[in-house]
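Asks:
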Amino acid sequence: MTADAPVHDSPSFETSRLLLRPWRVAEAAVMRELWTERDPRVPPHRRIDADGRPTLAELEESIRAEQPSSVGMLAIERKSAGDVIGYCGLIDSGRGGTGAPELGFELLRRTWGNGYATEAAWAVIDWAKSSGYRRLWATVWDWNVASRRVLSKLGFTESDRTEVDPARGTTLFTTREL
Numbered sequence: 001m002t003a004d005a006p007v008h009d010s011p012s013f014e015t016s017r018l019l020l021r022p023w024r025v026a027e028a029a030v031m032r033e034l035w036t037e038r039d040p041r042v043p044p045h046r047r048i049d050a051d052g053r054p055t056l057a058e059l060e061e062s063i064r065a066e067q068p069s070s071v072g073m074l075a076i077e078r079k080s081a082g083d084v085i086g087y088c089g090l091i092d093s094g095r096g097g098t099g100a101p102e103l104g105f106e107l108l109r110r111t112w113g114n115g116y117a118t119e120a121a122w123a124v125i126d127w128a129k130s131s132g133y134r135r136l137w138a139t140v141w142d143w144n145v146a147s148r149r150v151l152s153k154l155g156f157t158e159s160d161r162t163e164v165d166p167a168r169g170t171t172l173f174t175t176r177e178l
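Start counting the sequence shown at 1; every next residue gets the next number (the UniProt record's numbering).
(1) So, is V145 buried or exposed, given that buried needs 16 or more other C-beta atoms within 10 angstroms?
(2) Can you tell me whether DSSP reads R38 as helix, strand or coil?
(3) Residues bridged to G86 by DSSP?
(4) Using the Cα positions of A3 and P166, report the straight-line distance between them to the nearest angstrom.
(5) Roughly how many whole angstroms lie between the Cα atoms of R109 and A117?
(6) How long is the line joining the alpha carbons of L178 and S159, rounded to whole angstroms?
(7) Look up R47 in the DSSP assignment and say whether it is helix, strand or coil.
(8) If you follow the alpha helix (DSSP H) that T118 is part of, which residue opens it and which one closes it?
(9) By DSSP, does E66 sit in helix, in strand, or in coil?
(10) Tell me which residues share the same chain as E58 and place their Cβ nearer than 8 Å to its Cβ, disregarding the 5 neighbours each side in the sequence.
(11) Quick check on DSSP: helix, strand or coil for S16?
(12) Who are R168's beta bridge partners in DSSP?
(13) Classify L103: buried if its beta carbon has 16 or more other beta carbons within 10 angstroms, exposed otherwise.
Okay, structure coming up:
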């Protein structure tokens, strides 16, 4: 297997500007860059720690170990440049109820403001609907205005459910019927 080959067969989606597909081991550096760019209010277990972990090697191994799935975080590749700029997909954490996966997305800061998150998420939503899901949900920090705006464009509405963390802010739970 080459470093440029997808590790597992998972769904792939194409939009006018983007290709959503499984991560390749060679793209672990992009994943690590996402970790380094995260807001300091993001919980420590989702940021690079004082020892520099996760390391590039650890992220490469996590890509190799990823199990094929009908849901999961897919790399977002810009078709025009052939570069990976983040991820978008569904995870089934169980927090949203039975049969309701969570939509997630994260893009490199240098690509913000171009509509890529919205475009990628629409492709995932369309797939979820055609796959028989009836509802999706997403969480977002109250201070993450850009992601809240994307979720609103996608038709997600904020529910009454929140989780308050005095140090990091409030997590809002949003939902979207399909």
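Beta carbons: idealized from backbone N, C-alpha and C, even for Gly.
Replies: Checking against the coordinates, here is how it stands:
(1) exposed
(2) coil
(3) I76 and L107
(4) In this predicted model, A3 has a pLDDT of only 46, less than 50, meaning its place in the structure is not dependable enough to derive any value.
(5) 11 Å
(6) 16 Å
(7) coil
(8) Y116 to S130
(9) coil
(10) none
(11) coil
(12) None; R168 has no bridge partner.
(13) buried
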